[in-house]
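What follows is a set of notes on a single structure, which appears directly below.
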Amino acid sequence: MSVAFKDYYAILGVARDASQEEIKKAYRRKARELHPDVNKSKEAGERFRDVNEAYEVLGDPDKRRRYDRFGTAYREAPPGAGPPPGFEEFDFGGGTGGFEEFLRQAQQRGAGGRGGAGQPGAGSGFSDFFEALFGAGFGGGAASEPAGAGRARGRGRARGRRGHDVEGEIRLEVADLVAGGQRKFTMEVPGEDGRPEVRDLTINLPRGIRPGQTIRLAGQGGPGTGGAPNGDLFLRVHLRPAGELQVEGDDLVATIDVPAPVAVTGGTARVQTAEGPVTLRIAPGTQAGTVLRIKERGLARRDGSRGDLRARVRLVIPEQPTPEQKRLYEELSRL
228 MSVAFKDYYA
238 ILGVARDASQ
248 EEIKKAYRRK
258 ARELHPDVNK
268 SKEAGERFRD
278 VNEAYEVLGD
288 PDKRRRYDRF
298 GTAYREAPPG
308 AGPPPGFEEF
318 DFGGGTGGFE
328 EFLRQAQQRG
338 AGGRGGAGQP
348 GAGSGFSDFF
358 EALFGAGFGG
368 GAASEPAGAG
378 RARGRGRARG
388 RRGHDVEGEI
398 RLEVADLVAG
408 GQRKFTMEVP
418 GEDGRPEVRD
428 LTINLPRGIR
438 PGQTIRLAGQ
448 GGPGTGGAPN
458 GDLFLRVHLR
468 PAGELQVEGD
478 DLVATIDVPA
488 PVAVTGGTAR
498 VQTAEGPVTL
508 RIAPGTQAGT
518 VLRIKERGLA
528 RRDGSRGDLR
538 ARVRLVIPEQ
548 PTPEQKRLYE
558 ELSRL
């Protein structure tokens with residue numbers, strides 16, 4: 228009996244005692260390297276699918292525990308499953324050779340059942356071992372059941388597999404972070420086979436969501452099988468690089484351009500906020516680098532309050548002054 232074993236740790240290039248964060252970083256590194264949009268080779272496509280499969284297991288603490296114990300047979304092992312009496316000495320997570328040897332010896336032990344040496348008896352042997360290991364219904368029936376009844380029972384109890392979770396990115400404007408609410412996006416996300424697919428999504432953005440946080444869309448991941456639910460889609464929020472506003476904690480940061488004469492004599496200047504431009508008063512003698520604060524114009528906090536908008540003054544002088552402007556500046560210079 229041959230059992231194909233995939234070493235998910237080797238596929239991701241991490242140690243068996245790697246932390247969940249190390250596994251996540253390794254997955255992202257491999258996915259970027261092997262993504263079909265970047266690497267067009269057939270081998271890269273196959274490896275990309277293996278990387279996704281490995282992360283689906285190792286990225287889930289419960290699946291990882293079962294994989295460490297049962298190898299690639301973890302799918303059939305329900306949470307908390309363990310070996311039946313007499314099989315404690317086997318190593319379930321030792322790699323291809325160890326796992327196949329375990330199965331071979333398990334089959335040999337089953338062959339010594341009620342059916343006689345070398346012949347499994349009805350309702351005993353290898354099937355009984357797996358019923359004890361994974362629960363009734365895995366395969367094989369009781370001796371009193373008619374032929375095939377155990378297999379039918381196993382099929383009746385077969386459970387579908389939940390679809391795998393998918394990770395993606397979403398780029399937002401600062402105004403989206405401030406206002407929140409429902410937004411429609413057309414974006415490319417990884418599909419079932421690892422290849423990108425375009426989806427139209429409607430997303431409810433929480434007010435005050437920060438760059439780096441994740442939005443979960445239930446049921447928008449990989450499709451489930453056998454009636455099991457789809458996986459989820461997790462979108463990490465990024466801020467669009469272009470824009471006058473930046474995010475620092477709860478506050479928004481902007482630059483306000485102030486002409487040099489206004490900075491000297493005082494006046495007003497306009498600054499952009501997430502809700503639109505506002506006019507600020509500039510005190511006489513304002514220096515470059517001065518920070519002007521507008522209360523409650525930042526990101527929403529959990530307690531319902533908001534951060535502030537901090538506008539840093541940048542002095543502006545004419546790049547091509549008119550003759551009159553140049554004369555006046557020269558006069559100021561003499562004074």
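Letter by letter, the sequence shown follows residues 228 to 562 of the working numbering. Idealized CB from N, CA, C, for every residue including glycine. None of these values were measured; they are calculated from a predicted model.
Where residue i falls: helix, strand or coil (DSSP)
i	result
Asp427	strand
Pro263	coil
Gly439	coil
Ala237	helix
Asp478	strand
Glu394	strand
Gln473	strand
Phe356	With a pLDDT of only 49 at Phe356, under the threshold of 50, the placement of this residue in the model should not be trusted; the figure read from the coordinates follows. Note: Phe356 maps to helix in three-state DSSP.
Leu555	helix
Glu400	coil
Arg467	coil
Gln247	helix
Gly408	strand
Ala445	coil
Glu283	helix
Phe317	Residue placement at Phe317 is poorly supported in this model, since its pLDDT is 45, which falls under 50; the coordinates still yield a value, given next. Residue state, collapsed to three classes: coil.
Ala538	strand
Arg533	strand
Glu546	coil
Ala242	coil
Rounded C-alpha distance that separates residue i from residue j
i	j	result
Arg529	Gly408	16 Å
Leu285	Ser268	26 Å
Arg508	Pro468	29 Å
Gly448	Pro511	58 Å
Lys252	Arg243	15 Å
Pro270	Pro504	In the sequence as displayed, the identity of residue 270 is Glu instead of Pro. Near 53 Å, if we compare the C-alpha coordinates of Pro504 and Glu270.
Val425	Asp264	14 Å
Lys257	Gly390	21 Å
Thr506	Leu526	20 Å
Glu551	Pro488	14 Å
Gly516	Met414	40 Å
Asn431	Thr500	22 Å
Pro486	Leu536	21 Å
Lys553	Arg561	12 Å
Pro288	Gln247	8 Å
Leu555	Leu542	17 Å
Tyr254	Arg497	46 Å
Gly494	Glu260	55 Å
Gly435	Glu283	30 Å
Tyr294	Ala245	14 Å
Thr549	Val518	30 Å
Ile250	Gly240	9 Å
Glu523	Gly531	11 Å
Phe297	Ile442	33 Å
Leu559	Ala490	14 Å
Glu557	Leu466	44 Å
Lys290	Glu394	18 Å
Asn266	Asp392	23 Å
Pro203	Arg292	Outside the shown range of the chain (228 to 562) lies residue 203, about which nothing can therefore be said.
Gln547	Arg410	44 Å
C-beta contact flag for residue i and residue j at 9 Å
i	j	result
Pro450	Gly458	yes
Glu280	Tyr235	yes
Thr452	Arg539	no
Val405	Glu502	yes
Leu444	Phe461	yes
Val464	Ile397	yes
Gln534	Gly446	For clarity, residue 534 is Gly in the given sequence; the question names Gln instead. No, they are not a contact pair.
Selected residue, minimal CA-CA separation from residue i, among the options
i	options	result
Ala402	Gly531, Gly454, His391 and Gln473	Gln473
Thr492	Gly395, Thr513 and Pro550	Thr513
Phe275	Ile238, Asp535 and Asp289	Ile238
Pro545	Arg561, Asp484 and Ala527	Asp484
Leu428	Phe412, Arg422 and Gly435	Phe412
Gly454	Ile442, Arg388 and Glu394	Arg388
Arg437	Leu399, Lys290 and Val518	Leu399
Lys233	Leu466, Thr441 and Asp277	Asp277
His262	Gln547, Pro433 and Arg422	Arg422
Test: residue i CB closer than 9 Å to a CB of chain B
i	result
Arg539	Here there is only one protein chain, and chain B is not present.
Report the residue ranges of all alpha helix (DSSP H) runs contained in full by the region 485-527; include only those spanning at least 4 residues, in chain order. Correct list: 487-492.
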